[in-house]
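Every number in the working numbering is 39 more than the matching position in the sequence shown, counting from 1.
One structure is given below, encoded as structure tokens.
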Amino acid sequence: MPSPALTSEIKALLVSELNLSGRDPATIADDAPLFGEGGLGLDSLDALQIAMLVEERFAVRVPEGDEARPIFRSVSTLAEFIERSKSS
């Protein structure tokens, strides 16, 4: 399970950088889907922006294409990826 501080930081980053104005980061569930129905409703352009933000903010390289899909499933999976990458 990823650190609560990291998941909170990711949520705040997503809200501020992806123009999710009016959305309170605290209302985003750790396991809510980032893409598609029932989640944040982000799209492929948002995925590229998230990858760039993660690389800049956390100094980890995000894989491209199909390798990135499981990473971007939710805030929790993104946080787990960042923690794994920073510890290796």
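Note that CB positions come from ideal geometry on N, CA and C, so glycine has one too.
Predicted model only: the values in this text are computed from it and were never measured.
Please classify residue i as buried or exposed, where buried requires at least 16 neighbouring CB atoms within 10 angstroms.
| i | result |
| --- | --- |
| ASP85 | buried |
| THR66 | exposed |
| LYS125 | exposed |
| SER113 | buried |
With distance defined between alpha-carbon atoms, name the residue in the options nearest to residue i.
| i | options | result |
| --- | --- | --- |
| LEU87 | PRO64, SER115, LEU53 and GLU119 | LEU53 |
| ASP70 | GLU106, PRO41, ARG100 and SER126 | PRO41 |
Between residue i and residue j, is the Cβ-Cβ spacing less than 7 angstroms?
| i | j | result |
| --- | --- | --- |
| ALA98 | THR46 | no |
| LEU79 | PHE111 | no |
Quick check: does the Cβ of residue i come within less than 6 angstroms of any heavy atom belonging to the ligand PLP?
| i | result |
| --- | --- |
| PHE111 | Only the bare structure without any ligand can be found here, which leaves the ligand PLP out of the picture. |
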